[in-house]
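All the letters of the sequence shown, read from the start, carry residue numbers 473 to 1092 under the numbering used here. Even glycine gets a Cβ: it sits at the ideal position worked out from N, Cα and C. Contents: one structure, followed by commentary.
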Amino acid sequence: MGENVEDFKLIFEKEGVYLHTNAKRSNQETSIPGFVRIVERAGVPALEWSPLEDEGRSAPAVLYTKKDDEAGEEEANFDPGYEPDWAVISNVKKDSNHVSVRNSGQWAFSLPLSELYSLRRSRFSLGRNFLVLTSKGGHPLPPLHFHRGGTRELLRALHRYIVLEQSPVDGRLFLACLRDPNAAAQPFDKLQFLDDGGSDIVMRFIQDPYATTFGGFSKVTNFFRATLRPPETPVPRGSQPSQCDDEPEFELITCGVELGPRPGVTRGKPLDKWEDFLDSEGRVMDQEKIKELVFRGGIVPSLRKEVWKFLLGFYPWNSTAKERESILQDKTNEYFRMKVQWKSVSEEQEMRNSLLRGYRNLIERDVNRTDRHNTFFSGNDNPGLALLHDVLMTYCMYNFDLGYVQGMSDLLAPILFVTQNEVVSFWCLTGFMDLVHQNFEESQEAMKKQLYQLSVLLKALDPELFDFLDSQDSGSLCFCFRWLLIWFKREFSFEDILTLWEVLWTRLPCDNFHLLIACSILESQRGELIGSDHDFNTILKHINELTMKLDLQGILCEAEAIYQQLLCCKELPLKVQQVLGLYDPSSSEESSPGSQSGEAQHRLDQSEAAAASSHVPSRH
């Protein structure tokens, strides 16, 4: 490239560092292997990444970015599914003379360390080896994934040039500034930034299946099982559940448990009357009956706006009409007090608030690609998009600890569409987040637990299907991650999601009914999977291609039938009981559905009655 060799010095180099792009709708790869380097050019240190094809070049080209007129069309139509911050990156804008358009087709970048503003760990992952770099212009570069480790080595090399300070309000964010050669050295070991543990393979498995290879791992499923192992659950003395100890601490259950026949289930009519359930003061007289009707058939569109307020906790079920007027006023005042907090922050203030600026950038990107096919959010300068943005920004004020995490815009959009009201949609979102907020926490413990619980259920329901998936390195069910994270938002049509979510909000027949829905979907595909030549990659591809092809009513019927089938099993394994909420660890009685009392026994009685009325032959 005509560069004077004497002006170039290689300080650090690491191979096996993958750059993640947003090229899912083209023929380009979404994950490109390459090298990360720290170099000095004429004494100026820079951090660079170049693809393997550019090996040997002394200066990589810089990051490709679309022209503005090209970018708008793709952003409007781009449907990334659930994509964490490090897997989908919007177009990186030119924010300095150092990051600009590249040539010929291979992604690469060169960023002088004087232009580096921050480093951020991945929020969504089961490992921690993604780094997202942000320049001083506030724009993130494509994330770097260290498939072979090396993050600590990179940071140690950077340490000679820059100082990293952990943000006091965001443990994932480290702010960078050039080192003062006259200042005392910062001990590197105190950074505690990242490690190169083997858990990054899980991240690759979930988000980068097509570029991932598992050479050197003799049994990948064992690795995932160790990673996804749930917390220890003590087994009471005297309780002897039926289980198989095929691997320590990962007892997936059941050898030879007979579940009995699976009953036939039909859906009911949607809730189409509301005033009939209110007394003279406007108080709901029978909330359990309403929940039962919603669970059986959903809600007619004209009533959703009102009933959702109760299902999501905006109004208490026992409130009167007069009390609800006061509640609405109070919640409106509280909402706008929080909204004015972020609206009143000046640009100058925001430049010194990296957390708020990061949330705003992320929200703006996500809003521009959330449900744009829906007329409520389509087109440019749409007021629906403005409301989506403002509600999400206000949620950051409401919940500083969590802030905004990608996927939350997917949860808000249907609520905003139904309520058509900024204040109501905000408080309904907070009610929804009360149910699923743990899905979005950085530790991902809740997601690990749900994937484990799903494997427990599938192993009990269909051991043959589970064994097939396990034999193809898919027993961790990580391809269901997106399903569970945002409650199937990307798997069904927008209208179907309205029905599905209101069914799930009833919390009937159990809190984990969404896991039974996942089982129903997986079992619906057993004929396509078992006996096929599907391997790990093609299983993932097949599952991803189910989007918008699923019959919601059929899935709901089968999920309820699964629940009834499990309840009627007199020797239901302990771990399955725990998933279904049928086992009380404080009870000393022998653990079986027949010994349960209260709500669990009531559910069992109802299910047995339903099962007695109509049966279909069981596969087991």
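Those residues which DSSP pairs with residue i across a bridge
i	result
Ile504	Leu491
Cys950	Per DSSP, none; premise fails for Cys950.
Glu512	Lys481, Pro517
Ala648	Leu636
Val756	Leu750
Ile771	Leu743
Ser522	Phe507
Arg592	Val604, Leu645
His617	Tyr490, Phe602
C-beta atoms of residue i and residue j nearer than 8 angstroms
i	j	result
Gly875	Cys868	yes
Phe964	Leu1024	yes
Leu884	Leu864	yes
Leu645	Ser826	yes
Leu421	Val817	The first residue shown for the chain is 473 and the last is 1092, placing residue 421 beyond what the model contains.
Glu637	Ser607	no
Val508	Trp521	yes
Ser582	Leu647	no
Leu956	Ala990	yes
Ser881	Val839	yes
Glu753	Thr792	yes
Gln922	Leu987	yes
His619	Tyr490	yes
Leu800	Leu775	no
Phe938	Leu930	yes
Phe912	Val877	yes
Cys1029	Arg824	no
Val635	Arg651	yes
Gly736	Cys1040	no
Pro612	Leu603	no
Leu972	Phe960	yes
Pro1057	Phe966	no
Phe484	Ala629	yes
Val895	Lys1021	no
Asp934	Arg998	yes
Assigned secondary structure, residue i (DSSP; H/G/I helix, E/B strand, else coil)
i	result
Trp780	helix
Thr466	No answer is possible for residue 466: the residues shown for the chain start at 473 and end at 1092.
Pro584	strand
Lys815	helix
Lys1021	coil
Thr842	coil
Pro612	strand
Val895	helix
Pro735	strand
Phe985	helix
Lys763	helix
His909	helix
Phe960	coil
Gly856	helix
Asp873	coil
Phe849	coil
Asn833	helix
Gly879	coil
Leu803	Residue identity check: residue 803 is Lys in the sequence provided, not Leu. DSSP places Lys803 in helix when its eight states are reduced to three.
Arg979	coil
Gly999	helix
Ser915	coil
Arg824	coil
Anticipated Cβ contact below 8 angstroms, residue i with residue j, distance rounded
i	j	result
Ser992	Ile1034	6 angstroms
Lys781	Cys900	7 angstroms
Phe767	Gly903	At roughly 17 angstroms, the Cβ-Cβ gap does not stay under 8 angstroms, so Phe767 and Gly903 are not in contact.
Leu482	Leu585	Not confirmed; about 15 angstroms, so no contact.
Gln980	Lys745	Correcting the residue type first, residue 980 is Leu in the shown sequence and not Gln. Their Cβ separation, rounded to whole angstroms, is 19 angstroms, which puts Leu980 and Lys745 out of contact at 8 angstroms.
Inter-residue Cα distance where the pair is residue i and residue j
i	j	result
Leu994	Arg592	35 angstroms
Ile1027	Glu730	23 angstroms
Leu524	Gly506	5 angstroms
Phe480	Ala514	6 angstroms
Leu1046	Gly1003	31 angstroms
His492	His861	26 angstroms
Phe951	His1014	10 angstroms
Leu1001	Asp751	53 angstroms
Glu1017	Phe1008	15 angstroms
Arg529	Ser850	Legend: pLDDT at Arg529 = 47, less than 50; position of this residue unreliable, value from coordinates given subsequently. Rounded to the nearest angstrom, the two C-alpha atoms are 44 angstroms apart.
Arg841	Leu976	25 angstroms
Asp1098	Ala1031	Given a span of 473 to 1092 for the chain in the structure shown, any question on residue 1098 remains unanswerable.
Asn893	His1006	47 angstroms
Asp873	Ala918	17 angstroms
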